[in-house]
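Notes for the one structure printed next.
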Amino acid sequence: MTTLLTCVVFGQVISAQTPNATVLVEQGIKAYNAGNFFSAIKYWQEALNQDKNNPGSTAVVNENLARAYQEIGDNKGAIASLSTAIRDYGAAENIQQVGRMKSELAQVYNNLGQPHKAIALLCGKLVDNSKSSENQPTNIECTPESAAQIATKYNDKIGQVAALGILGEAYRLMGDYNQAIQYLHVAQKLNSASEFLVLNSLGNAYKSRAQLRELQADSANKVGITSKENEFTQQAIEDYKRAYEYFDRSTKLASNHKDTLAEMRGLLNLIQLGSLTNKSKVINDEELNKNLQNALKVLGNLPDSATKVYGAIDLAYLQRDAKGTSPFTSCPPQLVLSANNEAFNLLNNSVLISKKLQDNRLISYSNGALGHFWECNSDNEKALKYTQAAILAADNKLSAKDSLYLWEWQAGRILDKQNRKEEAIASYQRAFDTLEDIRSDILTAERNVQFDLRDVVRPLYRTLAQSRLDLLEVGAMPTTGYAYADERRAKELSKVVNTIDSLRLAELQNYFGNDCILSALNPKQVGELLKDNSVAFQNTGFLSSIILDGKTGILLQLPNQETKFKWIEASNQEGRKIISSDTLREKITEFRTGLVKGKEEFNYNTTTAAQLYDWIIRPFAEDLKPEKIKTLVFIQDGFLRSVPMAALYDSQQQKYLVETYAIATTPSLRLNTPKARDRSTQKALILGLTEKATIDGKTFDALTAVPDEVKAIKSIFPNHTELINENFFPESFQKTLDKRRYPIVHIASHAQFGIIPEDTFIVTGKNEKLTIIQLEDSLRNLSNKSDNVELLTLTACETAVGDDRATLGLAGVALQVGVKSAIASLWNVTDESTSELVKEFYTNYRNSGMSIAEALQKAQIKMIHAQKSSPSDNIHTSYNNPAYWAPIIAIGNWL
0 MTTLLTCVVF
10 GQVISAQTPN
20 ATVLVEQGIK
30 AYNAGNFFSA
40 IKYWQEALNQ
50 DKNNPGSTAV
60 VNENLARAYQ
70 EIGDNKGAIA
80 SLSTAIRDYG
90 AAENIQQVGR
100 MKSELAQVYN
110 NLGQPHKAIA
120 LLCGKLVDNS
130 KSSENQPTNI
140 ECTPESAAQI
150 ATKYNDKIGQ
160 VAALGILGEA
170 YRLMGDYNQA
180 IQYLHVAQKL
190 NSASEFLVLN
200 SLGNAYKSRA
210 QLRELQADSA
220 NKVGITSKEN
230 EFTQQAIEDY
240 KRAYEYFDRS
250 TKLASNHKDT
260 LAEMRGLLNL
270 IQLGSLTNKS
280 KVINDEELNK
290 NLQNALKVLG
300 NLPDSATKVY
310 GAIDLAYLQR
320 DAKGTSPFTS
330 CPPQLVLSAN
340 NEAFNLLNNS
350 VLISKKLQDN
360 RLISYSNGAL
370 GHFWECNSDN
380 EKALKYTQAA
390 ILAADNKLSA
400 KDSLYLWEWQ
410 AGRILDKQNR
420 KEEAIASYQR
430 AFDTLEDIRS
440 DILTAERNVQ
450 FDLRDVVRPL
460 YRTLAQSRLD
470 LLEVGAMPTT
480 GYAYADERRA
490 KELSKVVNTI
500 DSLRLAELQN
510 YFGNDCILSA
520 LNPKQVGELL
530 KDNSVAFQNT
540 GFLSSIILDG
550 KTGILLQLPN
560 QETKFKWIEA
570 SNQEGRKIIS
580 SDTLREKITE
590 FRTGLVKGKE
600 EFNYNTTTAA
610 QLYDWIIRPF
620 AEDLKPEKIK
630 TLVFIQDGFL
640 RSVPMAALYD
650 SQQQKYLVET
660 YAIATTPSLR
670 LNTPKARDRS
680 TQKALILGLT
690 EKATIDGKTF
700 DALTAVPDEV
710 KAIKSIFPNH
720 TELINENFFP
730 ESFQKTLDKR
740 RYPIVHIASH
750 AQFGIIPEDT
760 FIVTGKNEKL
770 TIIQLEDSLR
780 NLSNKSDNVE
790 LLTLTACETA
800 VGDDRATLGL
810 AGVALQVGVK
820 SAIASLWNVT
830 DESTSELVKE
840 FYTNYRNSGM
850 SIAEALQKAQ
860 IKMIHAQKSS
870 PSDNIHTSYN
880 NPAYWAPIIA
890 IGNWL
């Protein structure tokens with residue numbers, strides 16, 4: 000949303016101490032109005048140098064200077080000027096203007112994707128109103144020095160509308176759409192001249208919430224809650240309709256006010272809303288075409304400006320049945336303006352206007368957009384010319400760093416087509432480095448509905464990894480000197496590992512919608528960690544998977560050894576053949592389905608498990624000799640996350656993988672600092688549910704074996720506290736944690752992991768649920784003390800079958816709340832078998848000489864040998880089936 004502070008203070012009387020300063024200010028105003036922003040900045044900076052001792056006048060100059068900086072995309076300059084203006088207005092005791100400048104500064108932070116900083120200026124504190132709706136009026140209580148409170152105190156309607164509007168936009172960027180809508184409705188009721196801007200922001204907020212509702216409906220469908228799916232779908236439809244109404248009203252009001260810039264923004268929003276693919280078309284094709292023609296007409300009448308450039312590019316890349324993805328990550332399948340070179344003319348004109356305006360951000364974006372046009376039309380020479388111009392402009396004082404990664408990635412694709420592989424990789428790497436630098440901001444903006452991870456981060460990182468791996472193919476590496484080739488190979492593999500690791504971290508950060516998951520991130524890269532922790536990591540092998548287009552690779556890392564890499568292959572009569580990723584996915588699905596249903600089979604068929612063992616493990620057999628390697632830690636990608644590697648089967652030795660190695664998994668080594676701890680006197684918090692429960696219309700069966708499970712755990716941990724059934728609910732959990740330290744938290748209840756955090760929860764007593772957010776809040780209070788939870792155990796889990804994001808929730812839950820290790824289930828199995836396995840695990844766990852992975856391994860081996868066990872062991876003979884023991888996995892610190 001553009002700033003709501005539309006009043007320009009150029010007309011104010013400036014009492015400069017020197018006549019020359021006044022002349023310079025007036026020259027700057029003329030230059031600004033003519034669109035010559037660089038000249039305006041030059042004049043105003045000279046004016047400041049000549050008139051430093053009059054805060055009343057320097058404040059006004061800095062205010063206008065900040066606007067000029069924003070016009071050329073220099074956000075750092077804008078922040079510095081606005082901060083100085085706030086100080087000078089304060090010194091001049093013009094507090095009303097202090098409030099307005101805080102709102103403008105907040106807008107800059109919003110533009111940079113830093114809404115928390117914006118809210119600090121606008122209100123002074125975050126408002127947690129997650130269960131509210133727009134029908135419940137907000138009681139706005141902000142700190143006295145905040146922009147909103149200053150505007151209220153001085154009855155400054157313009158300031159109030161600005162503060163509330165920008166505050167609403169900040170909450171929208173954070174994904175708190177209810178809160179955003181509330182603030183914007185309050186701003187709307189003030190009936191200011193800027194109402195059309197507020198209405199436009201309301202349209203954006205409702206549209207964002209509609210997209211979230213669609214994602215929630217999809218998540219409800221995956222976990223089998225039809226009633227919630229229907230409810231979210233209907234809510235999405237209603238929100239899309241409201242978005243349309245507000246965009247439409249905003250556009251008409253802007254037209255009445257002769258504000259062509261705002262009218263253009265409104266028309267673009269209407270057009271983009273109409274082109275979205277959703278279950279309810281709120282705009283029919285006839286109306287969409289009418290809006291499109293109006294937009295083209297308004298665009299032609301606009302003065303040369305940033306809005307005209309961005310509007311032209313948006314119209315040029317308008318897609319039919321768009322899915323909300325970026326048009327620059329791949330070639331759009333069908334453009335609306337594909338006939339008569341309309342798209343080309345718009346893009347070419349945007350380049351000419353941006354050069355005229357001398358705005359590096361506009362020059363970069365327009366050239367990049369035109370370069371993409373030629374890329375999609377297979378003219379690689381022109382495509383590279385304009386893309387390189389975009390990169391040059393973006394890199395000029397880093398004025399467009401937020402799009403630089405797009406153009407570097409685009410250049411890499413074009414160079415790839417020209418078979419300039421080394422240059423392509425260099426471009427991909429620069430795109431990766433830029434995106435890594437700004438990823439924290441873009442991944443946490445508009446959580447769950449942004450395209451960045453799905454359409455930018457994931458494909459870019461995979462492309463970079465694949466390009467480097469392709470260099471390792473026969474004939475691709477330099478042949479001059481074996482030592483040099485080996486060194487080059489090692490460097491390439493190290494970079495691949497770092498790229499894959501960054502992707503894992505980005506996926507976790509994206510899933511949870513914040514950067515808390517990275518708060519304890521080790522700054523060292525994986526290779527350095529393996530060297531630094533060679534003692535802790537001794538006898539441990541690390542297997543990382545990377546799923547690429549057409550094939551999947553496995554990297555093996557051992558302490559103080561070079562990384563090994565192999566594509567997943569299979570033998571046939573012609574030799575070795577790479578297994579396609581699609582074939583691997585089918586085999587993994589077959590393997591997992593066989594395990595989930597395996598408890599129905601008396602004798603488990605190990606054929607698929609053996610085939611996967613031969614594909615994934617056997618190629619590294621010489622490196623993973625059991626006399627040297629005792630533990631395997633898997634760092635999985637995509638659909639491989641949902642596979643219990645412990646159940647892979649060595650047909651030659653007739654053993655499951657877990658019979659040879661202790662098994663653990665982690666999203667990233669940089670999130671773990673493995674360390675063995677004394678477990679002899681640990682206190683346990685035991686939480687359980689035995690009764691049937693209904694959550695959001697879904698029934699969870701009673702867990703009849705939980706009483707025996709709890710009884711056994713109590714005997715293993717005499718120093719314990721238990722909360723069972725009606726005594727176990729979110730508030731009691733929080734209060735109990737507040738009182739004492741519990742290194743062990745055991746939860747014997749259903750746990751559901753959906754594709755979004757809102758559908759990730761633990762079922763508690765009283766038909767309530769402990770959401771992942773509540774769990775995080777409860778445990779994070781302990782994260783800066785020595786009383787962290789060291790082990791979190793979750794039994795009777797359920798994941799959204801077939802969805803990679805659901806397993807991310809399972810793998811990340813412990814790390815998100817600062818827990819060192821977790822034991823959890825990849826799917827729901829009988830509570831009787833889980834109870835026996837967990838009891839055996841804890842018994843082993845209390846042996847301080849045994850690692851967590853080894854304690855689980857020993858428990859699983861005991862079940863594998865169930866048919867050989869004595870009656871006193873109380874293990875059913877059918878528990879040797881991997882369906883009962885395989886889904887239980889160790890996550891995080893495996894020591």
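All residue numbers for the sequence shown refer to numbering that gives the first Met the number 0, where the first residue is 0 and numbers rise by one. A virtual CB, placed ideally from N, CA and C, is assigned to each residue, including glycine. For clarity, every value in this text was computed on a predicted model and none was experimentally measured.
If you drop the 5 nearest sequence neighbours on each side, which residues of the same chain put their C-beta closer than 7 Å to that of residue i?
i	result
residue 248	198
residue 430	404, 407, 408, 411 and 459
residue 476	At residue 476, the pLDDT of 49 sits below 50, so the modelled position is not reliable; the number obtained from the coordinates is stated separately. Taken in chain order, the residues that qualify are 470, 484, 487 and 488.
residue 267	294, 310 and 313
residue 303	34, 352, 355 and 356
residue 253	195, 261, 262 and 265
Could you name the residues that DSSP lists as bridge partners for residue i?
i	result
residue 633	542 and 664
residue 655	648
residue 891	820
residue 550	547
residue 910	Residue 910 cannot be examined here, being either before or after the span of the chain that is shown, 0 to 894.
residue 762	768
residue 744	684 and 791
residue 556	541
residue 177	Paired residue(s): none; residue 177 is not in a bridge.
With a Cβ-Cβ cutoff of 7 Å, do residue i and residue j count as a contact?
i	j	result
residue 297	residue 259	yes
residue 315	residue 346	yes
residue 388	residue 366	yes
residue 789	residue 742	yes
residue 413	residue 374	yes
residue 182	residue 201	no
residue 704	residue 834	yes
residue 111	residue 146	no
residue 862	residue 893	no
residue 228	residue 220	yes
residue 168	residue 109	yes
residue 23	residue 46	yes
Excluding the five sequence neighbours on either side, which residues of its own chain have a C-beta within less than 6 Å of the C-beta of residue i, listed in chain order?
i	result
residue 215	231
residue 713	719
residue 38	30
residue 76	68
residue 767	728
residue 163	182, 185 and 186
residue 876	865 and 866
residue 40	67
residue 906	Look at the range of the chain in this structure, 0 to 894, and you will see that residue 906 is not part of it.
Assuming residue i contacts residue j under a Cβ cut-off of 8 Å, what Cβ separation, rounded to an integer in Å, is found between them?
i	j	result
residue 68	residue 80	6 Å
residue 20	residue 50	4 Å
residue 744	residue 688	The pair is not a contact, with the Cβ atoms about 15 Å apart (cut-off 8 Å).
residue 901	residue 826	The chain is shown only over 0 to 894; residue 901 falls outside these bounds and no answer can be derived.
residue 634	residue 541	7 Å
residue 144	residue 123	7 Å
Can you name, in chain order, every residue of its own chain whose Cβ lies under 8 Å from the Cβ of residue i, other than the five neighbours on each side?
i	result
residue 306	260, 263 and 264
residue 400	393, 433, 436 and 437
residue 575	568 and 569
residue 580	546, 547, 548, 549, 550 and 551
residue 629	538, 539, 660, 661 and 853
residue 797	222, 749, 750, 751, 752, 826 and 827
Three or more C-beta pairs below 8 Å linking the stretch 717-735 and the stretch 660-675: No, the stretch 717-735 is not in contact with the stretch 660-675.
Inter-stretch contact at 8 Å, needing at least 3 Cβ pairs: the stretch 692-700 / the stretch 525-535: Taking 8 Å as the limit for Cβ pairs, the verdict is that the stretch 525-535 does not touch the stretch 692-700.
Meets three-Cβ-pair contact criterion under 8 Å: the stretch 548-559 and the stretch 604-624: Verdict: yes, contact present.
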